[in-house]
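Student: Under the numbering used here, think of the first position of the sequence shown as 12, with each following residue one higher.
C-beta atoms are modelled at their ideal positions from N, C-alpha and C, and glycine is treated no differently.
Can you read through this structure? Questions will come right after.
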Amino acid sequence: MPHSCLSLTAIHQPNTGGYEVTALTLKRLALTAIGLMAAFPGAAMAQDAGATLIQEGGYAHDGQLGLQRSVTPIMDSIVAFHDGVLMWTITAIVLLVLALLVIVVVRFNAKANPVPSRFTHNTVVEVVWTVVPIIILIVIAVPSFGVLADQITVPDGERKYLGSNIFSFGEVEVPAPEVTVKATGEQWFWTYEYVDQGLFFDSYMLNEEARLAEEVVQPRLLAVDNELVVPVGTTVRLQVTAAPTGVIHAFALPSFGIKIDAVPGRLNETWFNAEETGMFYGQCSELCGKDHAFMPIAIRVVEREEYDAFIAAFENGSYDDAQATLVAAR
Ligand SMILES: [Cu+2]
Numbered sequence: 012m013p014h015s016c017l018s019l020t021a022i023h024q025p026n027t028g029g030y031e032v033t034a035l036t037l038k039r040l041a042l043t044a045i046g047l048m049a050a051f052p053g054a055a056m057a058q059d060a061g062a063t064l065i066q067e068g069g070y071a072h073d074g075q076l077g078l079q080r081s082v083t084p085i086m087d088s089i090v091a092f093h094d095g096v097l098m099w100t101i102t103a104i105v106l107l108v109l110a111l112l113v114i115v116v117v118r119f120n121a122k123a124n125p126v127p128s129r130f131t132h133n134t135v136v137e138v139v140w141t142v143v144p145i146i147i148l149i150v151i152a153v154p155s156f157g158v159l160a161d162q163i164t165v166p167d168g169e170r171k172y173l174g175s176n177i178f179s180f181g182e183v184e185v186p187a188p189e190v191t192v193k194a195t196g197e198q199w200f201w202t203y204e205y206v207d208q209g210l211f212f213d214s215y216m217l218n219e220e221a222r223l224a225e226e227v228v229q230p231r232l233l234a235v236d237n238e239l240v241v242p243v244g245t246t247v248r249l250q251v252t253a254a255p256t257g258v259i260h261a262f263a264l265p266s267f268g269i270k271i272d273a274v275p276g277r278l279n280e281t282w283f284n285a286e287e288t289g290m291f292y293g294q295c296s297e298l299c300g301k302d303h304a305f306m307p308i309a310i311r312v313v314e315r316e317e318y319d320a321f322i323a324a325f326e327n328g329s330y331d332d333a334q335a336t337l338v339a340a341r
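Below you can see the structure in the form of structure tokens.
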């Protein structure tokens, strides 16, 4: 006890050095945090008043709880797994542990139980607390591995999906891929290639000035100059790698349920089938260097005709020509 008494006194005594400084700094930090929290909604509103921020679309919203809006069969499975299996399991475990703690506090404190029993082993309890967690882990692992397998197995139009079987009772039909896209992580931006046409372009984050100058303002740190354009309702094979001279990145897009490493010298493969048009945002999800936070991913899902016009214009010109067809179509 003497030790903790000493430190308590130290905080209350003036000019005792370290302790008081720490307490003051903590207080200042807390006040700054409260100030920031109060100022932030105001700042966000000021920005929205000046320009229209993309309202619909896949990115994190203020006050959002839970996962981002799902627009692909894989993300549907992930949401069903999270909401239907994980949250219930976690809630039950938390309530059980809380109940056990309450029982211990009430029944086995020094007043209620002055003479404690002295046994150290109970075989039944030990078997139960080993076997029950194993069963829980298996219950979690089976659907989890199902979704994982679906993510990395590109559909052939016939294979039945484990995730869709478990979570949607096999109703999800995914056609074979019609479009192949390759994303390459660079330091620090992404390069995309329409593999079938041999077309490629770089995608950089927009700085604040360029972002706010756009007619429809995109979210901060997620807006890019050249987004990846894909058709709606079409299975897209997505190949992911990183520049041979570079470092490891990760391609992650929450609304599509995608998170896959981009490794130099290795071609990883996943897929998506977006069910809605719109802009969907993601970020590099592997600490890759100084601009890791500034290499966002933006995918624009458009109608099939718009996509065909985009690709045709890209083949006959540049990415900018192709992007102009999208603006004209709007
Ligand atoms: Cu990166």
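1. Flag this pair as touching only if the segment 298-312 and the segment 235-242 have three or more C-beta atom pairs under 8 Å; answer yes or no.
2. For S155, I'd like the list of residues in its chain whose CB is within less than 8 Å of its CB, leaving aside the five on either flank, ordered along the chain.
3. With a threshold of 7 Å, establish whether the CB of M216 neighbours any heavy atom of ligand 1.
4. In the DSSP output, what is C295 paired with across the bridge?
5. How long is the line joining the alpha carbons of K193 and V90, rounded to whole angstroms?
6. Does ligand 1 have a heavy atom nearer than 7 Å to the CB of G196?
7. Evaluate E219 with the Cβ neighbour count: other Cβ atoms within 10 Å of its Cβ, from every protein chain shown; 16 or more gives buried, anything less gives exposed.
8. Would you say the beta carbon of H132 comes nearer than 7 Å to a heavy atom of ligand 1?
9. Can you find the residues in the same chain that come closer than 7 Å, C-beta to C-beta, to T288, ignoring five residues on each side of it along the sequence?
10. With a threshold of 7 Å (Cβ to nearest heavy atom), would M98 be considered close to ligand 1?
11. So, do the segment 157-164 and the segment 75-90 have three or more beta carbon pairs nearer to each other than 8 Å?
12. So which of V228, T191 and I259 has the shortest CA-CA distance to F200?
13. Can you give me the start and stop residues for the beta strand (DSSP E) that W140 sits inside?
14. Tell me whether V206 sits in a helix, a strand or coil according to DSSP, three-state version.
15. Could you pull the DSSP bridge partners for K122 from this structure?
16. Looking at the unbroken alpha helix (DSSP H) that takes in P242, where does it start and where does it end?
17. Within 10 angstroms of the Cβ of T336, are there 16 or more other Cβ atoms? Answer buried if so, exposed if not.
18. Is W199 near ligand 1, going by C-beta to nearest heavy atom under 7 Å?
19. On the criterion of 16 or more Cβ atoms from any shown chain inside 10 Å, does A62 qualify as buried, or is it exposed?
20. Please work out which residues of its chain come closer than 6 Å, Cβ to Cβ, to V251, disregarding the five sequence neighbours upstream and downstream, and give them in chain order.
Tutor: According to the structure data:
1. Judged by Cβ distances under 8 Å, the segment 298-312 makes contact with the segment 235-242, as three or more pairs qualify.
2. The residues F92, in chain order, have a CB closer than 8 Å to that of S155 in the same chain once the five nearest residues on each side in sequence are set aside.
3. no
4. F262.
5. Our two residues, K193 and V90, have alpha carbons roughly 26 Å apart in a direct line.
6. yes
7. exposed
8. no
9. The answer, listed in chain order, is V243, V312, V313 and E314.
10. Using a cutoff of 7 Å, the CB of M98 does not count as near ligand 1, since none of the ligand's heavy atoms is closer than that.
11. yes
12. I259
13. W140 -> not in any beta strand (DSSP E); alpha helix (DSSP H) instead, spanning T134 to I163.
14. In the displayed model, V206 falls within coil according to three-state DSSP, outside both helix and strand.
15. Partner(s): none; K122 has no beta bridge.
16. First-last for P242: L239 to P242, but that is the beta strand (DSSP E), not the alpha helix (DSSP H).
17. buried
18. It does: the Cβ of W199 is within 7 Å (strictly closer) of some heavy atom of ligand 1.
19. Because the pLDDT at A62 is just 48, under 50, the model does not fix this residue reliably, and the value given afterwards should be weighed accordingly. When all chains shown are included, A62 counts as exposed.
20. A194, F262, I271, A273 and N279
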